[in-house]
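If you're matching positions, the sequence shown starts at 76 in our numbering and goes up one per residue.
Here a beta-carbon is modelled for each residue, glycine too, at the ideal position from N, C-alpha and C.
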Amino acid sequence: MKGQVLVVAALTAAVLGSGVGVVYTQHVNRRLFVEWQKLQAERDTLEVEWELLRLEQSTLVTDAAVEAVARTRLNMLAPDPGAILYIAPP
(Lines of atoms letter the chains of each structure in order from A and count residues from 1; the text may use other names and numbers.)
(Lines give C-alpha, C1' and ligand atoms only; values in the text may rest on other atoms or scores of the structure.)
Protein backbone atom coordinates (compact mmCIF):
# COMPACT_ATOMS: atom_id res chain seq x y z
CA MET A 1 0.00 0.00 0.00
CA LYS A 2 2.77 2.41 0.94
CA GLY A 3 4.59 1.55 -2.28
CA GLN A 4 1.53 2.35 -4.36
CA VAL A 5 1.24 5.78 -2.74
CA LEU A 6 4.88 6.49 -3.56
CA VAL A 7 4.37 5.36 -7.16
CA VAL A 8 1.25 7.54 -7.51
CA ALA A 9 3.06 10.50 -5.93
CA ALA A 10 6.06 10.02 -8.22
CA LEU A 11 3.87 9.72 -11.30
CA THR A 12 1.86 12.79 -10.25
CA ALA A 13 5.08 14.76 -9.80
CA ALA A 14 6.29 13.55 -13.19
CA VAL A 15 3.03 14.58 -14.88
CA LEU A 16 3.09 18.00 -13.19
CA GLY A 17 6.74 18.49 -14.09
CA SER A 18 6.02 17.49 -17.66
CA GLY A 19 3.10 19.94 -17.78
CA VAL A 20 5.27 22.76 -16.46
CA GLY A 21 7.89 21.86 -19.05
CA VAL A 22 5.32 22.00 -21.85
CA VAL A 23 4.00 25.38 -20.69
CA TYR A 24 7.53 26.79 -20.40
CA THR A 25 8.48 25.45 -23.83
CA GLN A 26 5.38 27.01 -25.40
CA HIS A 27 6.14 30.32 -23.72
CA VAL A 28 9.72 30.32 -24.99
CA ASN A 29 8.50 29.27 -28.43
CA ARG A 30 6.02 32.18 -28.60
CA ARG A 31 8.64 34.67 -27.43
CA LEU A 32 11.13 33.42 -30.02
CA PHE A 33 8.46 33.49 -32.73
CA VAL A 34 7.67 37.14 -31.97
CA GLU A 35 11.38 37.98 -32.06
CA TRP A 36 11.73 36.07 -35.34
CA GLN A 37 8.86 38.06 -36.88
CA LYS A 38 10.47 41.33 -35.78
CA LEU A 39 13.77 40.26 -37.30
CA GLN A 40 12.05 39.31 -40.55
CA ALA A 41 10.41 42.74 -40.71
CA GLU A 42 13.78 44.38 -40.04
CA ARG A 43 15.36 42.21 -42.75
CA ASP A 44 12.68 43.27 -45.23
CA THR A 45 13.24 46.94 -44.35
CA LEU A 46 16.99 46.55 -44.76
CA GLU A 47 16.55 44.79 -48.11
CA VAL A 48 14.44 47.70 -49.40
CA GLU A 49 17.03 50.17 -48.13
CA TRP A 50 19.80 48.09 -49.76
CA GLU A 51 18.02 48.15 -53.12
CA LEU A 52 17.53 51.92 -52.88
CA LEU A 53 21.21 52.38 -52.06
CA ARG A 54 22.22 50.18 -55.00
CA LEU A 55 19.98 52.22 -57.29
CA GLU A 56 21.46 55.46 -55.95
CA GLN A 57 24.98 54.10 -56.42
CA SER A 58 24.27 53.12 -60.01
CA THR A 59 22.87 56.60 -60.64
CA LEU A 60 25.95 58.21 -59.11
CA VAL A 61 28.25 55.99 -61.13
CA THR A 62 26.35 56.91 -64.29
CA ASP A 63 26.60 60.63 -63.47
CA ALA A 64 30.31 60.26 -62.79
CA ALA A 65 30.79 58.41 -66.07
CA VAL A 66 28.96 61.16 -67.99
CA GLU A 67 31.07 63.80 -66.28
CA ALA A 68 34.27 61.90 -67.07
CA VAL A 69 33.33 61.65 -70.75
CA ALA A 70 32.40 65.35 -70.82
CA ARG A 71 35.76 66.30 -69.33
CA THR A 72 37.98 63.99 -71.39
CA ARG A 73 36.35 63.72 -74.81
CA LEU A 74 34.56 67.06 -75.01
CA ASN A 75 37.01 69.11 -72.94
CA MET A 76 34.12 70.50 -70.90
CA LEU A 77 34.66 72.08 -67.50
CA ALA A 78 32.31 73.07 -64.72
CA PRO A 79 31.72 76.85 -64.73
CA ASP A 80 33.10 79.03 -61.96
CA PRO A 81 30.55 79.67 -59.23
CA GLY A 82 30.64 83.39 -60.04
CA ALA A 83 29.74 82.73 -63.67
CA ILE A 84 26.50 80.95 -62.80
CA LEU A 85 23.34 83.06 -63.05
CA TYR A 86 20.28 82.02 -61.11
CA ILE A 87 16.88 83.08 -62.40
CA ALA A 88 14.06 83.31 -59.90
CA PRO A 89 10.82 81.65 -60.94
CA PRO A 90 7.95 84.03 -61.72
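Three-way DSSP call (helix, strand, coil) for residue i in this model
{"i": "Pro164", "result": "coil"}
{"i": "Ala158", "result": "helix"}
{"i": "Ala153", "result": "coil"}
{"i": "Arg106", "result": "helix"}
{"i": "Arg129", "result": "helix"}
{"i": "Arg148", "result": "coil"}
CB of residue i within 9 Å of CB of residue j, strictly
{"i": "Met151", "j": "Ala145", "result": "yes"}
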